[in-house]
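Colleague: Adding 714 to a residue's 1-based position in the sequence shown gives its number in my numbering.
Don't be surprised by glycine CBs; every beta carbon is placed ideally from N, CA and C.
All values derive from a computational prediction rather than experimental measurement.
Sending over a structure as structure tokens; questions will come in a sec.
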Amino acid sequence: MNLDGVLFFPVTPFDANGELAPGLLAEHVRRGVAHDPGAVFVACGTGEFTSLSEAEHAAAVRTGVEAAGGAVPVFAGAGGPFGTALAQARAARAAGADGVLLLPPYLAQGPPGGLADYVRGVAAELPVIVYQRGPLALDPEAAVELAAIPGVIGLKDGQGDIDRMQRIVLAIRETRDGFLFFNGLPTAELTQPAYRAIGVPLYSSAAFAFVPEVARAYLAGDERLLTEFFAPLVRLRCKVPGYAVSLVKAGVRLRGLDVGGVRPPLAGLTPEHEAELGALIEHGLDLVAS
């Protein structure tokens, strides 16, 4: 599967009553697809995966697939309790999604064989990209075992341990070809030079959701954006826990699409931080226009 390009992780819009807003999600996806992403990842981390009911998740994935219109592959978030992950994968398959981004199991941690069975069960439904983050930190041997499961097509890293990830990349490449590796750290553009150097060419772009022009310009080689846009964005993101998502949703609103607020336990931006984000967006757009 070819996922070259910026990977688009849309937010999940909510209406004034805090309910899922499928029409706004469809518009958000259509706007993003117009900027030619490598793929769309619906109802994942940026899409507040952990706050969605199974029904909302299924509706969001169905909406994302329809809005993408077959222009690019569409992946859905899945994970948590095994039964929930299976239900999400089956709903994604029914909606016509191309695969799932599989987040770690919730709370319970078993041996490597148990994790393999968890992944194997979901991969029987749709192609899987395994996301190591939070409690899931693979060693090279465990990563090779997961990569050998039929239907597992990639590994996304949200740990940021470059040494460990380099060893994982080398170990998997000894056993199979065509496996996909992703940088899944928040605001991945800031760390992508390091990841690219160890053989991880693909990355999540939260910024693409609200400044696709900036995300694409950086991918095309505009190095000014690293210090003048992405580094300040990361500094702002680090001021409050949960801003990795809240900033993106605020950014989408500031660009003219009212996608509502975030759900608990996340919190919206303070007025001062929203003003700072607005100024940064303007600066980034000015840079790519110059």
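L860 and V833 - do their beta-carbons sit closer together than 8 Å?
Modeller: On the sequence shown, position 119 is the one that residue 833 refers to. On the sequence shown, position 146 is the one that residue 860 refers to. Cβ distance < 8 Å, so V833 and L860 count as in contact.
Colleague: Contact check, V782 vs E839 under 8 Å by CB: the rounded distance?
Modeller: Here residue 782 is taken as the residue at index 68 of the sequence shown, counted from 1. Here residue 839 is taken as the residue at index 125 of the sequence shown, counted from 1. As written in the sequence, residue 782 is Ala, which differs from the Val given in the question. About 20 Å separates the two Cβ atoms, so there is no contact after all.
Colleague: Report all residues from its chain with a CB closer than 8 Å to the CB of V883; omit the five preceding and five following residues, and keep chain order.
Modeller: As a working mapping, residue 883 is identified with position 169 in the sequence shown. The residues are F895, I912, G913 and V914.
Colleague: Buried or exposed for K953, going by 16 or more other Cβ atoms inside 10 Å?
Modeller: Counting from one through the sequence shown, the residue named residue 953 turns up at place 239. With fewer than 16 Cβ atoms within 10 Å of its Cβ, K953 is classed as exposed.
Colleague: Do R930 and H749 come within 8 Å of each other at the CB atom, strictly closer than that value?
Modeller: Looking up residue 749 in the sequence shown gives position 35. Looking up residue 930 in the sequence shown gives position 216. For H749 and R930, yes; Cβs fall inside 8 Å.
Colleague: For the beta strand (DSSP E) containing R896, name the first residue and the last one.
Modeller: By 1-based counting over the sequence shown, the position of residue 896 is 182. Before going further, note that residue 896 is Phe rather than Arg in the sequence given. Here the beta strand (DSSP E) through F896 covers L894 to N897.
Colleague: Can you list the beta strand (DSSP E) stretches of 3 or more residues lying completely in the stretch 887-948, in chain order?
Modeller: As far as the stretch 887-948 is concerned, its whole beta strand (DSSP E) runs of at least 3 residues are 894-897 and 916-919.
Colleague: Taking the straight line between their C-alpha atoms, what separation do you get for G828 and G835?
Modeller: Along the sequence shown, read from residue 1 onward, the residue named residue 828 stands at position 114. Along the sequence shown, read from residue 1 onward, the residue named residue 835 stands at position 121. Answer to the nearest angstrom: the Cα atoms are 11 Å apart.
Colleague: Give the straight-line distance between the Cα atoms of I867 and P841, rounded to the nearest whole angstrom.
Modeller: The count along the sequence shown starts at 1 and reaches residue 867 at position 153. The count along the sequence shown starts at 1 and reaches residue 841 at position 127. Answer to the nearest angstrom: the Cα atoms are 6 Å apart.
Colleague: Use the C-beta contact count for P926: other C-beta atoms within 10 angstroms, 16 or more gives buried, fewer gives exposed.
Modeller: Walking along the sequence shown from the start, residue 926 turns up at place 212. Flag for P926 reads buried.
Colleague: Measure the Cβ-Cβ separation of G791 and P818 and say whether it is below 8 Å.
Modeller: Numbered from 1 along the sequence shown, position 77 holds the residue referred to as residue 791. Numbered from 1 along the sequence shown, position 104 holds the residue referred to as residue 818. Contact: no.
Colleague: Could you name the residues of the same chain whose beta carbon sits closer than 6 Å to that of S918, not counting the 5 residues immediately before and after it, in chain order?
Modeller: By one-based count along the sequence shown, residue 918 stands at place 204. Closer than 6 Å at Cβ, skipping near neighbours: L721, F723, G898 and A902.
Colleague: Given A809, which residues of its chain have a CB within under 6 Å of its CB, disregarding the five upstream and five downstream residues?
Modeller: Translated into the one-based positions of the sequence shown, residue 809 becomes position 95. Cβ neighbours of A809 beyond the five flanking positions: V775, R776 and V779.
Colleague: Taking the straight line between their C-alpha atoms, what separation do you get for V973 and T889?
Modeller: By 1-based counting over the sequence shown, the position of residue 973 is 259. By 1-based counting over the sequence shown, the position of residue 889 is 175. Taking the straight line joining both Cα atoms gives about 44 Å.
Colleague: Determine which residues share a DSSP beta bridge with Y845 and list them.
Modeller: Position 131 of the sequence shown, counting from 1, holds the residue named residue 845. Paired residues: K870.
Colleague: Nearest to E986 by alpha carbon, out of H997, G956, L950 and I843?
Modeller: Taking the first residue of the sequence shown as position 1, residue 986 is located at position 272. Nearest option by C-alpha distance: L950.
Colleague: Provide the residue span of the beta strand (DSSP E) that contains G791, from first to last.
Modeller: Taking the sequence shown and counting its residues from 1, one reaches residue 791 at position 77. Segment V788 to A792, the beta strand (DSSP E) holding G791.
Colleague: Relative to the alpha-carbon of A856, which residue among R881, A837, G848 and D875 has its alpha-carbon at the smallest distance?
Modeller: Here residue 856 is taken as the residue at index 142 of the sequence shown, counted from 1. Residue R881 is the option with its Cα nearest to A856.
Colleague: Measure the beta-carbon distance from A921 to L947 and round it to whole angstroms, keeping in mind my assumption that it falls under 8 Å.
Modeller: Walking along the sequence shown from the start, residue 921 turns up at place 207. Walking along the sequence shown from the start, residue 947 turns up at place 233. Correct: roughly 7 Å between the Cβ atoms.
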